[in-house]
Amino acid sequence: MTLKIAIIGSGNIGCDILCKVLAHPELECTVVAGRSLSSSGLAFARERGVSTTADGIDGLFARINDFDVVFDATSAADHEAHAPRLIEAGKAIINLTPASLGVLCVPSLNGVALADANNINMITCGGQASIPLAAAIARANPGVRYIEVVSSISAQSAGPATRRNLSNYITTTENALSHFTGCNSVKAILNINPAKPNVYMQTAVSALIEHVDLPATRREIERAVAQVQSAVPGYQVIVDLHYSEGRLFTMVRVEGAGDFLDPSAGNLDIITATATHMAVLMARGRVAECAA
0 MTLKIAIIGS GNIGCDILCK VLAHPELECT VVAGRSLSSS GLAFARERGV STTADGIDGL
60 FARINDFDVV FDATSAADHE AHAPRLIEAG KAIINLTPAS LGVLCVPSLN GVALADANNI
120 NMITCGGQAS IPLAAAIARA NPGVRYIEVV SSISAQSAGP ATRRNLSNYI TTTENALSHF
180 TGCNSVKAIL NINPAKPNVY MQTAVSALIE HVDLPATRRE IERAVAQVQS AVPGYQVIVD
240 LHYSEGRLFT MVRVEGAGDF LDPSAGNLDI ITATATHMAV LMARGRVAEC AA
């Protein structure tokens with residue numbers, strides 16, 4: 000039994016999620032929706048034997064019985080329009096935009112609990128890269144006063160919707176950081192780097208802590224990284240924990256699978272891979288319900 004998937008949005012994120020869905024035996028993509036007949040992303044889907052529509056959300060509703068779950072890879076504003084209609088129609092959504100709708104999800108932290116949610120918010124690429132580390136630091140050190148995360152990504156990997164949604168990116172990432180760490184003073188920063196060759200995605204996490212338990216923090220970080228790597232193998236710590244003058248610092252790099260863009264686009268991979276992981280959890284949950 001496979002979970003039938005629709006994808007709306009034919010940009011970088013939509014194409015990468017399509018690659019991952021097609022590669023997974025528990026998922027089946029029945030339609031990809033865009034808004035332009037000349038979309039290279041829709042052509043990419045058709046070349047892989049997937050049905051497409053250039054009528055956007057209306058095109059999905061014309062085929063509403065052909066899928067169970069929708070990956071929304073459009074924009075924050077578009078998701079705000081899509082979500083109520085899809086939920087009313089009884090379709091679950093995995094939201095890959097930075098819209099502040101749906102239940103916040105970091106699969107390694109709360110994925111299993113959300114397998115039957117109707118709108119799963121995958122936050123942002125920077126959120127998926129930083130929050131497992133920030134939460135690990137907070138678990139080991141209850142006195143965290145401030146958390147700052149800085150992600151750097153290549154310009155090639157940042158499509159038009161990503162650039163339009165920078166304000167939403169900051170707000171949603173910061174809200175999620177507070178939610179998962181319990182720290183009310185947080186800051187998220189995104190740098191889009193035009194350098195050639197493309198820079199790999201890197202995310203630095205800093206925390207202000209008066210008294211740090213380094214051994215406990217290292218254990219929590221190692222456990223968090225291993226959990227993320229089960230879905231994103233290219234997720235690796237590149238700067239070990241460092242504590243000086245009340246500031247704890249670490250950094251990860253994300254090497255993508257290279258499904259749609261080259262491996263430097265780890266920002267693409269970390270959100271599409273974790274979103275795919277959530278779809279698989281949903282598929283397995285439905286199989287279990289049928290068996291019961």
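Residue numbering for the sequence shown follows numbering that gives the first Met the number 0, starting at 0 and increasing by one per position.
Cβ atoms here follow ideal geometry from the backbone N, Cα and C, with glycine treated the same way.
Report the three-state DSSP secondary structure of residue i (helix, strand or coil).
| i | result |
| --- | --- |
| Ala225 | helix |
| Ile6 | strand |
| Thr172 | helix |
| Phe66 | coil |
| Leu26 | strand |
| His241 | strand |
| Ser38 | coil |
| Ala291 | For Ala291, the predicted structure reports a pLDDT of 49, less than 50, and the residue's modelled location is therefore unreliable. The matter cannot be settled from this model. |
| Val31 | strand |
| Ala230 | coil |
| Ile122 | coil |
| Ala206 | strand |
| Thr216 | helix |
Does the Cβ-Cβ distance between residue i and residue j come in under 8 Å?
| i | j | result |
| --- | --- | --- |
| Ile16 | Leu95 | yes |
| Ile208 | Leu176 | no |
| Ile152 | Phe70 | no |
| Ala206 | Gly125 | no |
| Ala75 | Pro97 | yes |
| Leu26 | Ala194 | no |
| Val185 | Asn192 | no |
| Val204 | Leu132 | yes |
| Val149 | Asn190 | yes |
| Ala215 | Ala160 | no |
| Met250 | Thr202 | yes |
| Leu100 | Ala112 | no |
| Cys104 | Phe259 | no |
| Met200 | Arg252 | yes |
What's the C-alpha gap between residue i and residue j?
| i | j | result |
| --- | --- | --- |
| Ala134 | Phe179 | 6 Å |
| Asn109 | Asp115 | 12 Å |
| Gly257 | Arg34 | 25 Å |
| Arg217 | Ser229 | 19 Å |
| Ala291 | Val238 | Here Ala291 scores only 49 on pLDDT, less than 50, and its place in the model should not be relied on; the value that follows carries that caveat. Cα to Cα, the separation comes out at about 47 Å. |
| Asn64 | Asn183 | 43 Å |
| Glu219 | Ile4 | 34 Å |
| Thr334 | Ala61 | With the chain running from 0 to 291 in the structure shown, residue 334 is simply not present. |
| His276 | Arg144 | 32 Å |
| Gly245 | Thr170 | 26 Å |
| Ser37 | Pro141 | 53 Å |
| Ala264 | Gln235 | 14 Å |
| Ala88 | Asp57 | 13 Å |
| Leu122 | Pro196 | Correcting the residue identity first, residue 122 is Ile in this sequence and not Leu. Near 28 Å, if we compare the C-alpha coordinates of Pro196 and Ile122. |
| Gln331 | Ala42 | Limits of the chain in this structure are 0 at one end and 291 at the other, which puts residue 331 out of reach. |
| Ser50 | Thr29 | 6 Å |
| Leu240 | Val231 | 21 Å |
| Asp261 | Gly255 | 7 Å |
| Leu2 | Ala91 | 11 Å |
| Ala13 | Arg222 | According to the sequence displayed, residue 13 carries Gly and not Ala. Rounded to the nearest angstrom, the two C-alpha atoms are 30 Å apart. |
| Ala272 | Pro106 | 10 Å |
| Gly181 | Asp77 | 30 Å |
| Val68 | Pro24 | 16 Å |
| Gln155 | Ala80 | 28 Å |
| Ala137 | Ala44 | 42 Å |
| Ser243 | Glu147 | 15 Å |
DSSP beta-bridge partners for residue i?
| i | result |
| --- | --- |
| Asn140 | Paired residues: none, contrary to the question. |
| Gln235 | Arg252 |
| Thr292 | The requested residue 292 is not part of the displayed model; the chain covers only 0 to 291. |
Any beta carbon from chain C within less than 8 Å of residue i's own beta carbon?
| i | result |
| --- | --- |
| Thr172 | Among the chains of the structure shown, chain C does not appear; only one protein chain is present. |
- Task: Entirely within the stretch 245-287 and at least 3 residues each: give me those beta strand (DSSP E) ranges in chain order.
- Result: Taking only runs of at least 3 residues, the beta strand (DSSP E) segments lying wholly in the stretch 245-287 are 246-253.
- If you scan the stretch 147-200 from start to end, which runs of the beta strand (DSSP E) of 3 or more residues do you find wholly inside it? Listed in chain order, the complete beta strand (DSSP E) runs (minimum 3 residues) inside the stretch 147-200 are 185-192.
- Can you list, in chain order, the stretches of the beta strand (DSSP E) that have 3 or more residues and sit fully within the stretch 62-115? Entirely contained in the stretch 62-115, the beta strand (DSSP E) runs reaching 3 residues are, in chain order, 68-71, 91-94.
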